[in-house]
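Worksheet: one structure, shown below.
Number of protein chains: 2
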Amino acid sequence: MNDITKLLGIRHPVLQGGMAWVAEHRLAAAVSNGGGLGVIAGGSADADFVRGQIRQARELTDKPFGVNVMLLSPFADDLMQLVIDEKVSAVTTGAGNPGKYIEALKAAGIIVMPVVASVAYAKRMERGGADAVIAEGSEAGGHIGETTTMNLVPQVVDAVSIPVIAAGGIADGRGAVAAFMLGAKGVQVGTRFLVAKEAVVAQEYKDRVIAAGDTDSVVTGRFTGHPVRVLRNKLTREILSKEKEEMSIEEFEEMLSGTLRKAVVEGDADYGSLMAGQSAALVTKEQSAADIIEDIVGGMRAVYASLGDYYAK
Amino acid sequence: MNDITKLLGIRHPVLQGGMAWVAEHRLAAAVSNGGGLGVIAGGSADADFVRGQIRQARELTDKPFGVNVMLLSPFADDLMQLVIDEKVSAVTTGAGNPGKYIEALKAAGIIVMPVVASVAYAKRMERGGADAVIAEGSEAGGHIGETTTMNLVPQVVDAVSIPVIAAGGIADGRGAVAAFMLGAKGVQVGTRFLVAKEAVVAQEYKDRVIAAGDTDSVVTGRFTGHPVRVLRNKLTREILSKEKEEMSIEEFEEMLSGTLRKAVVEGDADYGSLMAGQSAALVTKEQSAADIIEDIVGGMRAVYASLGDYYAK
Chain Y
37 MNDITKLLGI RHPVLQGGMA WVAEHRLAAA VSNGGGLGVI AGGSADADFV RGQIRQAREL
97 TDKPFGVNVM LLSPFADDLM QLVIDEKVSA VTTGAGNPGK YIEALKAAGI IVMPVVASVA
157 YAKRMERGGA DAVIAEGSEA GGHIGETTTM NLVPQVVDAV SIPVIAAGGI ADGRGAVAAF
217 MLGAKGVQVG TRFLVAKEAV VAQEYKDRVI AAGDTDSVVT GRFTGHPVRV LRNKLTREIL
277 SKEKEEMSIE EFEEMLSGTL RKAVVEGDAD YGSLMAGQSA ALVTKEQSAA DIIEDIVGGM
337 RAVYASLGDY YAK
Chain R
37 MNDITKLLGI RHPVLQGGMA WVAEHRLAAA VSNGGGLGVI AGGSADADFV RGQIRQAREL
97 TDKPFGVNVM LLSPFADDLM QLVIDEKVSA VTTGAGNPGK YIEALKAAGI IVMPVVASVA
157 YAKRMERGGA DAVIAEGSEA GGHIGETTTM NLVPQVVDAV SIPVIAAGGI ADGRGAVAAF
217 MLGAKGVQVG TRFLVAKEAV VAQEYKDRVI AAGDTDSVVT GRFTGHPVRV LRNKLTREIL
277 SKEKEEMSIE EFEEMLSGTL RKAVVEGDAD YGSLMAGQSA ALVTKEQSAA DIIEDIVGGM
337 RAVYASLGDY YAK
């Protein structure tokens, strides 16, 4: 038990990333049943859809799980009310400032854990009443910040006194223990859960993640100020070549529109947006969510057990 | 003792980065006297200059030290012959493939440790006979690759059987232990040694490193295929604004030409190239090289001593 497992009432300090389209009720329930914290991604869905997801998850697990609210969603207000009405255990947030919701969420006993990519933002979240922050490094998939996990985590740990969960680039026990050494009390894992058996993701997308090596990760849209990390494919080749010429933010957004759905649902590995972190290179097979958690936790035990090399005592 | 300290005959598995202009004989000797491996940067200097550096370092220390050979230097051939003639303990290399030199260096008993930024390159270096590789993540200062330390190190560890030294983003004991957890046997530290008392670096440059926070790091020249990480200043503002319009690689190189010297020697913090890694945000004061090493090593001991939180045994 540590601060995070106690806070969340879970067995292992492993959270599942709130990946839009990917993180629906089956994956979330499987992660929670495996001893971690499963998270349903609100994405751009409306409250009715997410209510259905929450209730279906409850049919599959009696363990705590969370909902990720993407604050740019037009339904963010509705989703926050929904998680209060449904008494969901925890909320993680992305793409914005959840400050105005925190008081009501806390009053309803919901644990609030915003994803942050900078020290200033982490401090603001602590002041606003967040229970923990998820410090996400730039090796993560999807929308990213600039600072890597190795540098962001210790800085956030130094800056706040609430527990810090590390995210970005963590796919096995080595990464998880490294994050703990940097001062984190938990880890959030995205990419590896993307290929979980229970993740309803087209096999073509999972296959690309499994096959990916270190040079397959690429960042698009840096010029927009909102960079997105995905795996290289025909789509990124076209986007990056247009970025080199001249491209407006509108054109960029139009090229990306609907492409995550195309990847997850239709399995278009060429022109779908294959969101994945750099840790895709460390992900080598599809496994059940429970096996993934056991593997990460077992890897942590193995790393700890192998200590003694240096300054061990 | 571990593979790296044994290999190099040093006390602590801490190597100093071969920072051009910064890493001259005083810094290298101070790091070696402190128990790490000091490294003299060859940069673009000729053999006569570097010979002088080696001999002056030997007046200050009887401990092993290394020379970093930047392979794009017009004097690379001469420097490789020089380190053989001078029987320098170790060579680190950057900006190219040292393959053709390895046999002669090894024959002379010199330890060869190329800096690598990808898995394929690490494997090639192992096949070529390198004694170890320095896997440098994209949070490092100066010329960088794409993969972060958190992701590059375990992948390189999995791919080669020679020891791996982690570089990029490591400035304290937490980062060093995290690197060990990822499978590294040593760490290379650059930015923190840049502000060592023995580093002959203009105070204005050191002050910017010490003051830097997480949002002060920026990457220029991504469009050239050879990105460079520095601290934000007037120079980077101008370069980044020109990059947004249209800029040729020649214009970019001209804007940067001489700017590292301007920072290190002249102390022009506005228009000098303030090369530094993201770990600048973790660097808070000027100290002697020996104190920096003691602090990193003491930090490692403290991190190990605090274990027990999770899966500790």
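In order, the protein sequence lines correspond to chains Y and R.
Residue numbers 37 to 349, in my numbering, belong to the letters of the first sequence in order.
Residue numbers 37 to 349, in my numbering, belong to the letters of the second sequence in order.
From the three backbone atoms N, C-alpha and C, an ideal C-beta is built for every residue, glycine too.
Since the model is a prediction, treat every value here as computed from it, not as a measurement.
*Of all the residues that make up the stretch 272-287 of chain Y, which are near chain R by a beta-carbon distance shorter than 8 Å?*
Lys-280
*Compare the C-alpha of Ser-174/R against each of Thr-183/R, Gly-222/R, Gly-45/R, Glu-122/R and name the closest.*
Thr-183/R
*Just how far apart, CA to CA, sit Asn-133/Y and Met-336/R?*
35 Å
*Pull out every residue of the stretch 186-210 of chain Y whose Cβ sits closer than 8 Å to any Cβ of chain R, in chain order.*
Met-186, Asn-187, Leu-188, Pro-190, Gln-191, Gly-204, Gly-205, Ile-206, Asp-208, Arg-210
*Opposite Gly-222/Y in the DSSP bridges: which residues?*
Ile-201/Y
*Under 8 Å by Cβ, that's how I've got Ala-35/R and Gly-70/R pegged, so tell me the actual separation to the nearest angstrom.*
No answer is possible for residue 35/R: it lies beyond the span of chain R, which begins at 37 and ends at 349.
*Measure from the C-beta of Ser-293/R to each C-beta in chain Y and report whether the shortest distance is under 9 Å.*
no
*Would DSSP call Gly-102/R helix, strand or coil?*
strand
*Would you say Ser-309/R faces chain Y, with C-beta separation under 9 Å as the test?*
no
*Note down the Cα distance separating Lys-349/R from Val-213/Y, rounded to an integer number of angstroms.*
Residue placement at Lys-349/R is flagged as unreliable, the pLDDT there being 42, under the threshold of 50; the coordinate-derived value follows with that caveat. Between Lys-349/R and Val-213/Y, the C-alpha separation is close to 13 Å.
*asked:* Can you confirm whether the stretch 256-272 of chain R touches the stretch 88-105 of chain R when touching is taken to mean that 3 or more C-beta pairs between the two stretches lie within less than 8 Å?
replied: no
*Residue closest to Val-231/R, alpha-carbon to alpha-carbon, out of Glu-274/R, Leu-188/R, Arg-258/R, Thr-320/R*: Thr-320/R
*Identify every residue that forms a DSSP beta bridge with His-262/R.*
Per DSSP, none; premise fails for His-262/R.
*Determine, using beta carbons only, whether Asp-114/Y comes closer than 9 Å to chain C.*
Although the question refers to chain C, the structure presented lacks it and instead comprises the protein chains Y and R.
*Given that Met-217/Y touches chain R, what residues does it touch there, using C-beta distances under 7 Å?*
Arg-210, Val-213, Ala-214, Met-217, Val-339
*Indicate whether Pro-190/R and Leu-318/Y have their beta-carbon atoms separated by less than 9 Å.*
yes
_One question on the structure: do Ile-332/Y and Arg-228/Y come within less than 9 Å of each other, judged by their Cβ atoms?_
yes
*Can you tell me whether DSSP reads Thr-128/R as helix, strand or coil?*
strand
*Around the Cβ of Gln-239/Y, are there at least 16 other Cβ atoms within 10 angstroms (buried) or fewer (exposed)?*
exposed
_Does the CB of Lys-349/Y have a neighbour CB from chain R at under 9 Å?_
For Lys-349/Y, the predicted model reports a pLDDT of 41, less than 50, meaning its position is unreliable and no value from the coordinates is stated.
*asked:* Counting only Cβ pairs nearer than 9 Å, list the residues of chain Y close to Val-155/R.
replied: Gly-249, Asp-250, Thr-251, Ala-317
_Residues of chain Y with CB closer than 9 Å to the CB of Gly-70/R, please, in chain order._
Neighbours of Gly-70/R on chain Y: none; closest Cβ ~16 Å, over 9 Å.
*Residues of chain R with a CB under 8 Å from the CB of Gly-173/Y: which are they?*
Thr-184, Met-186
*Return the CA-CA distance between Gly-339/R and Ile-329/R, expressed in angstroms with no decimal places.*
The sequence given here has Val at residue 339/R, not Gly. If I take the Cα positions, the gap works out to 15 Å.
*N- and C-terminal bounds of the beta strand (DSSP E) containing Gly-74/Y*: 74-77
*Keeping to the same chain, check which residues put their C-beta closer than 6 Å to that of Gly-314/R; ignore five residues upstream and five downstream.*
The sequence given here has Gln at residue 314/R, not Gly. Closer than 6 Å at the Cβ level, and outside the excluded window around Gln-314/R, lie Glu-175, Gly-205, Ser-253.
*Could you tell me if Ile-76/R is buried or exposed, where buried requires 16 or more neighbouring beta carbons within 10 angstroms of its beta carbon?*
buried
*Taking C-alpha atoms, which residue in Asp-306/Y, Phe-85/Y, Glu-302/Y, Val-300/Y lies nearest to Ile-275/Y?*
Asp-306/Y
*Please list the partners that Gln-314/R has in chain Y, where partner means a Cβ-to-Cβ separation under 7 Å.*
Thr-183, Thr-184, Asn-187
_Reference His-179/Y; option with closest CA among His-61/Y, Leu-43/Y, Leu-44/Y, Glu-289/Y_ = Glu-289/Y
*Quick one: complete beta strand (DSSP E) runs, 3+ long, within the stretch 219-306 of chain Y?*
222-225, 253-256, 264-267
*Determine the closest residue to Phe-259/R out of Tyr-241/R, Lys-242/R, Glu-279/R, Val-245/R, with distance taken between C-alpha atoms.*
Glu-279/R
*Which residue comes first and which comes last in the alpha helix (DSSP H) that contains Leu-141/R?*
135-143
*asked:* Quick check: is the beta carbon of Arg-258/R nearer than 9 Å to any beta carbon in chain Y?
replied: yes
*When you compare only the Cα positions, how much space is there between Val-105/R and Ile-40/R?*
20 Å
*Please classify Ile-170/Y: does DSSP put it in a helix, a strand, or coil?*
strand
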